Amino acid sequence: MTDIILHHYAVSPFAEKARIALGLKRAAWQSVDIPSIMPKPDLMPLTGGYRKTPVMQIGADAYCDTQLIMMELERRLPTPSFLPKGREGEARALALWIDRSIFGPAVGVVMSQVPVDERFGPAFKKDRSEFSGRNFDPERLRAALPIVRDQTYALMSLAETMLVDGRPFLLGDAASLPDCALYNPVWFIQQQVGPTASPLDRLPRIVAWAERMTAAGKGGTRRELAASDALAIAKAAKPEPTSVAADDPSGLKAGQILSVTPDDTGRVPVTGSLVGLTADRISLARHDERVGDVVVHFPRAGFFAAPAQGAAD
Ligand SMILES: N[C@@H](CCC(=O)N[C@@H](CS)C(=O)NCC(=O)O)C(=O)O
Numbered sequence: 002m003t004d005i006i007l008h009h010y011a012v013s014p015f016a017e018k019a020r021i022a023l024g025l026k027r028a029a030w031q032s033v034d035i036p037s038i039m040p041k042p043d044l045m046p047l048t049g050g051y052r053k054t055p056v057m058q059i060g061a062d063a064y065c066d067t068q069l070i071m072m073e074l075e076r077r078l079p080t081p082s083f084l085p086k087g088r089e090g091e092a093r094a095l096a097l098w099i100d101r102s103i104f105g106p107a108v109g110v111v112m113s114q115v116p117v118d119e120r121f122g123p124a125f126k127k128d129r130s131e132f133s134g135r136n137f138d139p140e141r142l143r144a145a146l147p148i149v150r151d152q153t154y155a156l157m158s159l160a161e162t163m164l165v166d167g168r169p170f171l172l173g174d175a176a177s178l179p180d181c182a183l184y185n186p187v188w189f190i191q192q193q194v195g196p197t198a199s200p201l202d203r204l205p206r207i208v209a210w211a212e213r214m215t216a217a218g219k220g221g222t223r224r225e226l227a228a229s230d231a232l233a234i235a236k237a238a239k240p241e242p243t244s245v246a247a248d249d250p251s252g253l254k255a256g257q258i259l260s261v262t263p264d265d266t267g268r269v270p271v272t273g274s275l276v277g278l279t280a281d282r283i284s285l286a287r288h289d290e291r292v293g294d295v296v297v298h299f300p301r302a303g304f305f306a307a308p309a310q311g312a313a314d
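Using this note's numbering, the letters of the sequence shown correspond one by one to residues 2 to 314.
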């Protein structure tokens with residue numbers, strides 16, 4: 002199989018979701034270190050504008066959003082599986098719920114307590130204001146601590162309840178998609194604030210579960226790769242074949258020029274020619290001088306597709 006390349010940076014919690022998944026699957030993967038703020042000049046040729054972290058590249062295919070990255074990893078490395086038999090929808094829905102509801106307040110818990118400039122650099126606040134569309138103001142963040150801590154507790158305690166019967170992981174004996182999703186905000190609080198920082202001090206089962214996740218996710222081998230080499234790998238490769246479902250209710254057709262945009266943060270549209278469409282994935286072909294012909298894949302949940310004017314590069 003062509004190598005898995007993860008474009009990411011160390012402190013990114015969504016990247017940690019992908020890294021723990023690669024570890025659980027004992028994958029061999031290559032790591033490209035990207036900036037934590039814009040500009041990201043060596044990522045843009047590959048994604049066509051998608052700026053979030055992480056992005057997974059395999060040859061000339063770029064996979065955006067961990068929702069899709071996890072499913073693609075599952076397809077390519079089916080063992081051990083992240084989708085318990087007969088509970089695939091449940092596993093995916095729970096992971097999406099965690100990503101969408103727990104991550105935000107957990108980030109608030111971190112940002113309201115750490116010295117942001119010192120830890121993430123002086124340009125971080127401006128970048129994240131643009132990224133989120135909300136003013137990343139330290140005073141406002143500090144004032145919100147009691148609220149975000151309370152929300153994080155209320156939401157994480159639902160996961161804590163799942164562990165009350167003694168099961169080692171959220172859906173049973175093996176780590177699955179929701180475990181990787183929950184690891185993201187728990188890891189972020191632990192790394193940035195402390196191993197049992199509030200509200201984790203009131204969630205002992207989650208703290209013990211996180212230790213099990215860390216231990217189980219140590220597999221895998223990581224090799225550093227220069228961004229320029231990753232782009233050269235894309236240029237030398239051909240994208241995987243894809244197809245457009247003719248009966249898709251959206252009415253979108255192969256070859257249509259579309260823009261795909263995340264519905265929440267980092268709303269930068271990516272424009273390309275529609276080459277792949279399934280119930281849960283949308284894929285655009287693009288061309289860039291530095292990478293040649295590439296296909297960028299997005300999940301459909303949480304991404305808007307709309308007809309766009311102009312060329313696909
Ligand atoms: N829904 C996305 C969320 C990714 C996300 O928000 N990542 C953060 C870092 S943890 C990000 O992109 N921050 C801005 C940046 O890295 O430029 C996913 O599942 O991958």
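We put the CB at the ideal spot given by N, CA and C, even for glycine. The model shown is predicted, which means the values in this text are computed figures rather than measured ones.
Cβ neighbours of residue 302 in the same chain (closer than 8 Å, five flanking residues each side left out): Walking along the sequence shown from the start, residue 302 turns up at place 301. Here the set comprises 68, 97, 281.
Just list the alpha helix (DSSP H) runs in the region 124-197, keeping only unbroken ones of 4 residues or longer that don't cross its boundaries, in chain order. 125-133, 139-144, 146-163, 178-193
Residue 68: first and last residue of the uninterrupted alpha helix (DSSP H) it sits in: The residue you call residue 68 lines up with position 67 of the sequence shown. Where residue 68 is concerned, the enclosing alpha helix (DSSP H) stretches over 67-77.
Going along the chain, which unbroken runs of the beta strand (DSSP E) with 3 or more residues stay wholly within the region 200-244? 222-225
Drop a sphere of 10 angstroms on the beta-carbon of residue 315, count the other beta-carbons inside from all chains shown, and report buried for 16 or more, exposed for fewer. No statement about residue 315 is possible, as the shown extent of the chain runs from 2 to 314 and does not include it.
Using only the alpha-carbon positions, how far apart do residue 224 and residue 252 sit? Looking up residue 224 in the sequence shown gives position 223. Looking up residue 252 in the sequence shown gives position 251. The straight-line gap from Cα to Cα measures roughly 42 Å.
Neighbour-count burial assignment, residue 185, 16 or more Cβ in a 10 Å radius: Taking the first residue of the sequence shown as position 1, residue 185 is located at position 184. Result: buried.
From the DSSP output, in three-state form, read off residue 34 for me. On the sequence shown, residue 34 is found 33 positions in, with the first residue counted as 1. Note: residue 34 maps to strand in three-state DSSP.
Please name the residue, chosen from 51, 11, 10, 122, that lies closest to residue 267 on a Cα-to-Cα basis. Here residue 267 refers to the residue found at position 266 of the sequence shown. The option with the nearest alpha carbon to residue 267 is 51.
Could you give the DSSP three-state label for residue 48: helix, strand or coil? In the sequence shown, counting from the first residue as 1, residue 48 sits at position 47. Residue state, collapsed to three classes: helix.
When we look at the beta-carbon of residue 143 and count the other beta-carbons within 10 Å, is it buried (16 or more) or exposed? Here residue 143 is taken as the residue at index 142 of the sequence shown, counted from 1. When all chains shown are included, residue 143 counts as exposed.
For the alpha helix (DSSP H) containing residue 20, list its first residue and its last residue. For the purposes of this step, residue 20 is taken as the residue at position 19 of the sequence shown. Residues 14-25.
Rank 238, 86, 213 by C-alpha distance to the C-alpha of residue 292 and give the top, closest one. As a first step, residue 292 must be located in the sequence shown, where it is residue number 291. Per the Cα distances, 238.
By Cβ distance, which residues of its chain are closer than 8 Å to residue 313, with the 5 residues on each side in sequence left out? The residue you call residue 313 lines up with position 312 of the sequence shown. Confidence at residue 313 is low in this model, with a pLDDT of 48, below 50, so the placement of that residue is unreliable and no value is reported for it.
Would residue 179 pass as a contact of residue 103 if the rule is Cβ separation under 7 Å? As a working mapping, residue 179 is identified with position 178 in the sequence shown. As a working mapping, residue 103 is identified with position 102 in the sequence shown. For residue 179 and residue 103, no; Cβs fall outside 7 Å.
Residue 97 in three-state terms, based on DSSP: Residue mapping note: residue 97 aligns to position 96 of the sequence shown, counting from 1. Residue 97: helix per DSSP, three-state reduction.
Does DSSP classify residue 287 as helix, strand or coil? One-based indexing of the sequence shown puts residue 287 at position 286. Residue 287: strand per DSSP, three-state reduction.
Starting from the Cα of residue 206, find the closest Cα among 70, 92, 162 and give me that residue. Along the sequence shown, one-based indexing puts residue 206 at 205. When each option's Cα is compared against that of residue 206, the closest is 162.
The region 140-158 / the region 108-122 touching (three or more Cβ pairs under 8 Å): yes
Is the region 15-24 in contact with the region 215-231, if contact means three or more CB pairs nearer than 8 Å? yes
Which residue's Cα is closest to the Cα of residue 210: 300, 241, 160? To locate residue 210, count along the sequence shown from 1; it is residue 209. Nearest C-alpha to residue 210: 160.
Which of the three DSSP states, helix, strand or coil, is assigned to residue 300? One-based indexing of the sequence shown puts residue 300 at position 299. Three-state result, residue 300: strand.
Based on the DSSP output, what are the partners of residue 316 in its beta bridges? What the structure shows of the chain is the stretch from 2 to 314, and residue 316 is not part of that stretch, so it cannot be assessed.
Considering just the uninterrupted stretch of the beta strand (DSSP E) at residue 271, what are its terminal residues? Against the sequence shown, residue 271 aligns to sequence position 270. Segment 271-279, the beta strand (DSSP E) holding residue 271.
In or out: residue 174 buried (at least 16 other Cβ within 10 Å) or exposed? Start at 1 with the first residue of the sequence shown, and residue 174 comes out as number 173. So residue 174 counts as exposed.
Hey, is residue 52 close to ligand 1, as in C-beta under 6 Å from one of its heavy atoms? Locating residue 52 in the sequence shown gives position 51, counting from the first residue. Yes, since a heavy atom of ligand 1 falls inside the 6 Å radius drawn around the Cβ of residue 52.
Between residue 62 and residue 296, which are expected to be in contact by the criterion C-beta below 8 Å, what is the C-beta distance as a whole number of angstroms? To locate residue 62, count along the sequence shown from 1; it is residue 61. To locate residue 296, count along the sequence shown from 1; it is residue 295. About 5 Å separates the two Cβ atoms, so the contact holds.
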